[in-house]
Ligand SMILES: [Fe+2]
Ligand SMILES: [Fe+2]
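Residue numbers (our numbering): 8 to 311.
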């Protein structure tokens with residue numbers, strides 16, 4: 008299925024062109040039971056486990072901050088269809104945040120030191136990317152800038168989501184099924200709502216230069232946050248004596264084993280995103296997301 012959701016001009020979204028959103032973007036009230044899930048849920052792969060642990064630690068704050076910024080943009084969106092999708096998007100991101108937070112609590116109970124990470128992420132989203140009390144034109148410009156940054160971040164979460172759905176190595180390695188469902192359910196919803204943040208940014212701002220600039224900020228910001236957080240967790244792992252390799256080598260090994268995406272991924276996706284005429288609907292098959300969500304144990308458990 009293919010979408011022709013948004014024009015590239017600000018303030019205009021062609022709602023009559025939709026063909027792949029016959030289903031609405033809505034939050035699913037999923038539940039995960041972490042009892043007996045091993046802290047090293049990718050067996051024998053400490054670095055890869057910590058790489059995905061970054062999601063549980065930094066996403067709850069990041070996704071709530073993003074949901075808040077898009078909720079602030081809602082009064083600026085008159086298009087009924089897009090307005091409805093942004094409401095669904097905000098609901099989905101809020102559910103993602105609380106689902107990852109559940110495992111974060113489990114990590115804390117398991118003795119993982121998350122305090123330095125939490126201080127950093129709370130400073131980043133609460134102070135650096137907070138609203139700074141700005142109003143009027145400055146407030147609007149800062150809102151648009153943050154919409155651009157989060158829209159670009161959403162491109163990365165959508166492509167990583169598809170990567171998670173496609174990855175058969177996790178099944179072969181016996182990754183814990185509850186964790187695998189969390190990663191894939193989240194990935195599937197990211198793929199499902201891949202157009203929404205982009206369309207909202209295009210509607211409210213739509214500037215090509217702002218799109219490119221915020222994409223560079225988002226991609227390098229995410230990379231720094233991800234690598235430093237994973238390295239902190241890897242260094243603090245209680246079994247660290249068995250590690251013989253520094254984290255950059257561990258990263259390269261894990262990506263070669265298809266347990267995490269490689270670094271080239273970042274540059275390739277950044278290049279795609281900033282190309283004039285790009286729209287997320289031109290990415291991979293959204294049916295993949297719909298199919299996974301129809302079988303995800305957590306999503307099925309949420310159905311009445
Ligand atoms: Fe999310
Ligand atoms: Fe998302």
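All C-beta atoms, glycine included, are put in the ideal place defined by N, C-alpha and C.
Quantities reported herein were computed from a predicted structural model and do not represent experimental measurements.
Would you tell me roughly how many angstroms separate the C-alpha atoms of residue i and residue j, rounded to the nearest one?
i           : j           : result
residue 212 : residue 84  : 11 Å
residue 230 : residue 146 : 27 Å
residue 282 : residue 158 : 15 Å
residue 209 : residue 160 : 15 Å
residue 242 : residue 31  : 43 Å
residue 166 : residue 117 : 31 Å
residue 43  : residue 182 : 13 Å
residue 79  : residue 104 : 18 Å
residue 90  : residue 150 : 17 Å
residue 267 : residue 168 : 12 Å
Would you identify the three-state DSSP class for residue i, choosing helix, strand or coil?
i           : result
residue 255 : helix
residue 310 : coil
residue 226 : helix
residue 282 : coil
residue 45  : coil
residue 276 : helix
residue 264 : coil
residue 211 : helix
What are the boundary residues of the alpha helix (DSSP H) that residue i is part of?
i           : result
residue 126 : 122-130
residue 200 : Segment: none, residue 200 is in no alpha helix (DSSP H) and carries neither H nor E.
residue 182 : Residue 182 -> no alpha helix (DSSP H), and no H or E assigned at all.
residue 34  : No alpha helix (DSSP H) holds residue 34; DSSP gives it neither H nor E.
residue 156 : 143-173
residue 114 : 87-116
residue 331 : Here the chain comprises residues numbered 8 to 311, so residue 331 is not present and cannot be evaluated.
residue 270 : Residue 270 -> no alpha helix (DSSP H), and no H or E assigned at all.
In chain order, what residues of the same chain lie with their CB nearer than 7 Å to the CB of residue i, ignoring the 5 residues before and after it?
i           : result
residue 299 : 172, 191 and 195
residue 155 : 208, 212, 217, 218 and 221
residue 132 : 68, 69 and 72
residue 272 : none
residue 285 : 279
residue 107 : 62, 63, 66 and 67
In chain order, what residues of the same chain have a beta carbon less than 8 Å from the beta carbon of residue i, not counting five sequence neighbours either side?
i           : result
residue 61  : 232, 233, 236, 237 and 240
residue 264 : 52, 55 and 176
residue 308 : 37 and 38
Is the segment 56-63 close to the segment 141-152, with three or more CB pairs under 8 Å? Taking 8 Å as the limit for Cβ pairs, the verdict is that the segment 141-152 does not touch the segment 56-63.
At least three beta-carbon pairs within less than 8 Å, the segment 213-232 to the segment 88-96: Three or more beta-carbon pairs separated by less than 8 Å are not found between the segment 213-232 and the segment 88-96, which leaves the two stretches without contact.
Can at least three beta-carbon pairs, one atom from the segment 301-310 and one from the segment 187-206, be found at a separation below 8 Å? The segment 301-310 vs the segment 187-206: in contact.
For the segment 251-261 against the segment 42-54, do three or more pairs of beta-carbon atoms, one drawn from each stretch, fall closer than 8 Å, so that the two count as touching? Yes, they touch.
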